[in-house]
Amino acid sequence: AVMGYLDPFNRFNIRQLVEDHNARNRNRHIKKELEKLHPKDPTTVTYNFDAWRVRGISEISSCIRNAYLKRAPFTLTSSFRVPQSELAPSDFSQPLLSAEPAISSRVLNDVDKFIIFGSGGLWKLLSNWQAAEIVHTNPRDEIPTGHGVIRGPSVSVEGTRRAYHDDISVIVVFFDKKPELNPTVRPVVTSVPGIDSFRGFSDEIHPSPFRYLDVVSEAHQYLEKIV
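Every position in the sequence shown, counted from 1, becomes a number in our numbering once 38 is added.
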């Protein structure tokens with residue numbers, strides 16, 4: 039996660055809030071932690087393509103994807119499709135990758151503007167500063183729509199090209215309020231506890247689409263009974 043903020047001279051700056059869960063971490067302690075978790079497996083972390091990688095494949099040591107590096111059966115499943123070069127050997131009993139997040143906290147100040155959360159693919163295509171500049175220098179309404187701004191280069195910041203399409207997830211949370219065109223006029227929205235949605239750039243409350251989940255669930259149960 040990367041935070042955009044204003045320094046004491048009102049200049050835009052960035053701060054990385056969490057440490058990279060990456061085997062090539064400059065302090066090398068991620069690599070040491072992986073080796074400690076798998077003391078009997080010398081192939082847990084190997085040097086491949088100019089970087090330390092888990093099984094010579096993934097630089098990332100913690101993520102919510104790559105199930106084939108967490109449970110061996112996923113490697114053997116015929117419906118699972120990854121490039122042949124990324125297939126992991128199935129001879130492991132403990133997960134090689136973790137899905138446990140690193141949790142930290144900090145007190146927000148008025149100078150803090152936004153935080154960018156991105157999946158691993160984002161930080162391969164853009165540096166912290168490049169990602170923050172996109173958010174800082176473009177209108178908020180245009181950031182999610184693309185307009186060629188969010189589309190990253192085909193070659194990563196390390197100079198390597200992805201072997202396959204990577205769905206990259208990005209979440210931007212703004213802390214300052216977006217100026218209202220007419221702050222005296224606010225729409226009246228019926229608030230239902232538990233199913234409201236809030237936007238970081240507005241004080242408005244919107245009915246959440248999740249309020250229909252119960253109706254959809256009941257419909258599915260009804261269809262299962264009559265089929």
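For glycine and all other residues, C-beta sits at the position ideal for the given N, C-alpha and C.
Separation of residue j from residue i, as counted between CA atoms
i: D148; j: D214; result: 8 Å
i: L164; j: E171; result: 10 Å
i: N51; j: L146; result: 15 Å
i: Y43; j: Q54; result: 11 Å
i: L107; j: K78; result: 17 Å
i: I68; j: K263; result: 51 Å
i: D129; j: T82; result: 11 Å
i: P133; j: N176; result: 41 Å
i: A137; j: R109; result: 12 Å
Terminal residues of the alpha helix (DSSP H) in which residue i lies
i: I102; result: No alpha helix (DSSP H) contains I102, which DSSP labels as neither H nor E.
i: L44; result: No alpha helix (DSSP H) contains L44, which is instead part of the beta strand (DSSP E) from V40 to L44.
Simplified DSSP state of residue i, which is helix, strand or coil
i: K263; result: helix
i: Q132; result: coil
i: G158; result: helix
i: I188; result: Any reading at I188 is ruled out, since the residue's pLDDT is 47, under 50, leaving its predicted position unreliable.
i: K69; result: helix
i: I209; result: strand
i: D179; result: helix
i: K108; result: coil
i: K74; result: helix
i: I172; result: helix
Supposed close pair residue i, residue j - CB separation, criterion 8 Å
i: V35; j: L135; result: A question about residue 35 goes unanswered here, because the residues of the chain that appear run from 39 up to 265.
i: N86; j: G94; result: 4 Å
i: A169; j: I154; result: 5 Å
Span of the beta strand (DSSP E), counted from its first residue to its last, around residue i
i: T84; result: V83 to N86
i: R53; result: F50 to Q54
i: R144; result: No beta strand (DSSP E) contains R144, which DSSP labels as neither H nor E.
i: A137; result: Note, A137: premise wrong, no beta strand (DSSP E); not H, not E.
i: R91; result: A89 to V92
Proximity below 7 Å, CB of residue i to CB of residue j
i: V208; j: G156; result: yes
i: V56; j: N166; result: no
i: I206; j: G159; result: yes
i: L72; j: S99; result: yes
Near the ligand PLP: residue i beta-carbon under 6 Å from a heavy atom
i: P177; result: The ligand PLP is absent from the structure shown, which contains no ligands of any kind.
Below-7 Å beta-carbon distance, residue i vs any chain C residue
i: D129; result: Reference to chain C is not applicable here, since this structure consists of a single protein chain.
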